[in-house]
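**Student:**
Protein chains: 2
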Amino acid sequence: MRDAAPQGTYKVQALDRAFAVLDLLAESEVPLGLAQVASSLQLHKSTAHRFLMVLERHHMVERTNGGKFRLGLRLFDFGNRAIEQYDLRDRAQPHLRRLVAETEETAHLCILEQARVIYIDKIEPARSVRMITRIGSSNPVHCTSVGKAILAFLPEERITDILRRTRFERFTPRTIATPEALRAEIEKTRRRGYAVDDEELEEGLRCIAVPLLDAQRQPVAAISVSGPSFRVTAQKLPSIANHLLQCVRGISIDMGYTSAGRGNRAAWTA
Amino acid sequence: MRDAAPQGTYKVQALDRAFAVLDLLAESEVPLGLAQVASSLQLHKSTAHRFLMVLERHHMVERTNGGKFRLGLRLFDFGNRAIEQYDLRDRAQPHLRRLVAETEETAHLCILEQARVIYIDKIEPARSVRMITRIGSSNPVHCTSVGKAILAFLPEERITDILRRTRFERFTPRTIATPEALRAEIEKTRRRGYAVDDEELEEGLRCIAVPLLDAQRQPVAAISVSGPSFRVTAQKLPSIANHLLQCVRGISIDMGYTSAGRGNRAAWTA
DNA sequence: ACCCGCGTCTCATATCTTGAGAAACTGATG
DNA sequence: CATCAGTTTCTCAAGATATGAGACGCGGGT
Chain E
1 MRDAAPQGTY KVQALDRAFA VLDLLAESEV PLGLAQVASS LQLHKSTAHR
51 FLMVLERHHM VERTNGGKFR LGLRLFDFGN RAIEQYDLRD RAQPHLRRLV
101 AETEETAHLC ILEQARVIYI DKIEPARSVR MITRIGSSNP VHCTSVGKAI
151 LAFLPEERIT DILRRTRFER FTPRTIATPE ALRAEIEKTR RRGYAVDDEE
201 LEEGLRCIAV PLLDAQRQPV AAISVSGPSF RVTAQKLPSI ANHLLQCVRG
251 ISIDMGYTSA GRGNRAAWTA
Chain X
271 MRDAAPQGTY KVQALDRAFA VLDLLAESEV PLGLAQVASS LQLHKSTAHR
321 FLMVLERHHM VERTNGGKFR LGLRLFDFGN RAIEQYDLRD RAQPHLRRLV
371 AETEETAHLC ILEQARVIYI DKIEPARSVR MITRIGSSNP VHCTSVGKAI
421 LAFLPEERIT DILRRTRFER FTPRTIATPE ALRAEIEKTR RRGYAVDDEE
471 LEEGLRCIAV PLLDAQRQPV AAISVSGPSF RVTAQKLPSI ANHLLQCVRG
521 ISIDMGYTSA GRGNRAAWTA
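In the order they appear, the protein sequences are chains E and X. Start counting the first sequence at 1; every next residue gets the next number (our numbering). Start counting the second sequence at 271; every next residue gets the next number (our numbering).
#1: How about F69 (chain E): is its C-beta nearer than 8 Å to some C-beta of chain X?
#2: Whole angstroms are fine: how far does the CA of I111 (chain E) sit from the CA of V220 (chain E)?
#3: Evaluate D467 (chain X) with the Cβ neighbour count: other Cβ atoms within 10 Å of its Cβ, from every protein chain shown; 16 or more gives buried, anything less gives exposed.
#4: Going along chain X in order, which residues have a C-beta closer than 9 Å to the C-beta of M131 (chain E)?
#5: Please identify, using Cβ separations under 7 Å, the residues of the segment 346-378 of chain X that lie next to chain E, in order along the chain.
#6: Check the Cβ-Cβ distances between K188 (chain E) and every residue of chain X, and say whether any is below 8 Å.
#7: Count the other CB atoms, across all protein chains shown, that sit within 10 Å of the CB of G336 (chain X); report buried if there are 16 or more and exposed otherwise.
#8: Three-state secondary structure (DSSP) at K506 (chain X)?
#9: Residues of chain E with a CB under 7 Å from the CB of M323 (chain X): which are they?
#10: Mind listing the chain X neighbours of A48 (chain E)? Cutoff is C-beta to C-beta under 7 Å, in chain order.
#11: Comparing C-alpha positions only, which one of E:Q246, E:M60, E:P173 and E:E187 sits nearest to P155 (chain E)?
#12: Classify E185 (chain E): buried if its beta carbon has 16 or more other beta carbons within 10 angstroms, exposed otherwise.
#13: Taking only beta-carbon atoms, is S407 (chain X) less than 8 Å away from chain E?
#14: Determine the extent of the beta strand (DSSP E) in which K122 (chain E) is found, giving its start and end residues.
#15: According to DSSP, what are the bridge partners of T376 (chain X)?
#16: With 7 Å as the limit, tell me which residues of the segment 378-392 of chain X have their beta carbon closer than that to any beta carbon of chain E; keep them in chain order.
#17: Can you check whether the C-beta of G276 (chain E) is within less than 8 Å of a C-beta belonging to chain X?
#18: At the level of alpha carbons, what is the spacing between I446 (chain X) and E374 (chain X)?
#19: Please list, in chain order, the chain X residues whose beta carbon lies closer than 9 Å to that of A35 (chain E).
#20: Looking only at its chain, what residues have a beta carbon closer than 6 Å to the beta carbon of C477 (chain X), apart from the 5 residues adjacent to it on each side?
#21: With DSSP collapsed to three states, give me the class of V466 (chain X).
#22: Rounded to whole angstroms, what's the CA-CA distance from R327 (chain X) to A284 (chain X)? Just pull it up for me.
#23: Closest to E299 (chain X) by CA distance: which of E:R63, E:E202, E:I83 and E:G33 is it?
#24: Can you give the Cα-Cα distance for V411 (chain X) and Y464 (chain X), rounded to whole angstroms?
#25: Shortest alpha-carbon distance to A126 (chain E) belongs to which of E:I118, E:A101, E:S137 and E:A115?
#26: Taking the beta carbon of I521 (chain X) as the centre, do at least 16 other beta carbons fall within 10 Å, making it buried, or is it exposed?
#27: Closer than 8 Å by C-beta to E469 (chain X): which residues in its own chain qualify, once you throw out the five before and the five after it? Chain order, please.
#28: What residues match up with R340 (chain X) in a beta bridge as DSSP calls it?
#29: Is G303 (chain X) near F76 (chain E), with beta carbons less than 8 Å apart?
#30: What residues of chain E sit near G342 (chain X), judged by a beta carbon separation below 7 Å?
#31: Suppose the cutoff is 7 Å on Cβ atoms and the five residues either side in sequence are ignored; what does the same chain contact list for M330 (chain X) look like?
#32: Tell me the rounded alpha-carbon separation between V275 (chain E) and H378 (chain X).
#33: Once you ignore the five residues that flank I510 (chain X) on each side, which residues in its own chain have a CB closer than 6 Å to its CB?
#34: Please list the partners that L15 (chain E) has in chain X, where partner means a Cβ-to-Cβ separation under 8 Å.
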């Protein structure tokens, strides 16, 4: 919360308030009434009401039968356009499907946003315990395989910056809780070529990830395979890593990131 | 544009402008510079600048390397939370996958929003011509199978209302272009139990859809199978419709919409 | 070196939002 | 069916807040 206004703070009260309303509704599992919104945000009834009406006109919120408010579908549209511009998800999806078919575990596609990783896509195997991750949600870098995979291949200054902004929250006994320990882990990741999250975010959950590098060899995303520790065992890691590496290779080609040259892209887009 | 302010128009200029900015960026395929935004929206540079800075602080927009603006990832988060509350997509997805496996054509999941249908999910078969639909986008009811499927099972007054608000835009020679013709088509749909779009939105594209009814027998969504006309032939329609019906039955059970009674739901949620 | 377009920033002005409060509604409860 | 508590909806005067003219600085092109 304290990172909101570093310096040059441009302010438009109305916008801050409107987004506070959207945040509130996003956070809440259930639709909220006008009075609840107003009191939660310390807005006066009439102000909150006006905002909600305007937001509703724009389909940013909508009303349930009971007259309560929840997020509107225009946001869904915006959101999909937002990632579409990255163009990564669509390209990656078929490759991820293959990966899931091969490993029979859940695959994720993530990108780095600020100092956190955002889940862009998730593919689950036919039958498996449902993972709790929600597409669009984010996690810190220090406790995820995808975070570490991206971090490991970033230039030094970006790493420092991101570590500085990470709070190293502890989720399980194994969570890496200091910058130094994470540095060491990053080193390890870089050497072996893939990152591992060994029950560091959630007990019983093990993940492996590799970064996706663009034409300039910069990590733009990471893909991971996650599953219960008893299935994703230590012995299997190298084999799964192999599937992951094959998968990123495929995506790289699709995205036109291959260093092989630009001329032969046409062959793939047919 | 003229449908913006019917009556009780609550106004917050700042919000309208901010959303105009987001709309503009959403519409544009490429990131836009400050000057472009300002002139497109007839805002003065400094105003546009302030808005963009605030939007950026909220991650509603972000800057590319070149300093241009595009939609931000917070919207992606919001958008996913927005549909999550519907809870429909996650439940339906496995069923849709099976449907795609059976028919080997693209499947869509749509809901009705105002007088249009919004694409909530899309599953594509292993190898097929990529369909152009984007998740989150919307189409009018009169030229889509999903639109007609939902319409056909709505109460009379809602049908009238929706038809009144539809502009009956023509997309192909076969597009149903009058309310009367659509009425007849709806009648037909109701009798046969599934809706067909026979190249009415796009030449060479044929779709079949059935509605998903809730516990009160009200349509809340529709699922469709779409493919090139030469593969989705007239003879195949009844067979595909059968797969569709089985699919909605599965989803209905998952959602707890079965009229069989409420007691046995536990058996399915295990 | 010069110009032109673009992004950034400041500040006095008046426009637009604000919020108190009244009214209308909803639906419990006696 | 009257009453009441808790809502949502609406109005309007006051003044806080967003506005936009304009100045500055940067970088890329000619």
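The C-beta atom is built at its ideal place from N, Cα and C for all residues, glycine as well.
**Tutor:** In terms of the structure at hand:
#1: no
#2: Distance from the CA of V220 (chain E) to the CA of I111 (chain E), rounded to the nearest whole angstrom, comes to 6 Å.
#3: buried
#4: Going along chain X, no residue has its Cβ under 9 Å from M131 (chain E), so there is no contact; the nearest lies around 11 Å.
#5: F346, D347, F348, G349, N350, R351, A352, I353, E354 and Q355
#6: Output row for K188 (chain E): interface = no.
#7: exposed
#8: helix
#9: Y10
#10: At a beta-carbon threshold of 7 Å, none of the residues of chain X lie near A48 (chain E); the nearest stands roughly 12 Å away.
#11: E:E187
#12: buried
#13: yes
#14: R116 to I123
#15: X:S496
#16: In summary, the residues of the segment 378-392 of chain X whose CB is separated from some CB of chain E by less than 7 Å are E383 and I388, in the order they occur in the chain.
#17: Absent from the model: residue 276 (chain E). The displayed extent of chain E is 1 to 270, so no value can be given.
#18: 28 Å
#19: Those do not exist, as A35 (chain E) stays about 18 Å from chain X at its closest Cβ, beyond 9 Å.
#20: Excluding positions up to five away in sequence, the list reads S415, D467, S494 and S496.
#21: It is a strand residue.
#22: 16 Å
#23: E:I83
#24: 15 Å
#25: E:A101
#26: buried
#27: T442, R444, L475, R476 and S499
#28: X:E332
#29: Against a cut-off of 8 Å, the Cβ pair of F76 (chain E) and G303 (chain X) comes out as no contact.
#30: A82
#31: L292, G342, R344 and L345
#32: The requested residue 275 (chain E) is not part of the displayed model; chain E covers only 1 to 270.
#33: T373, I478 and V495
#34: A284, L285, A288, F321, V324, L325 and H328
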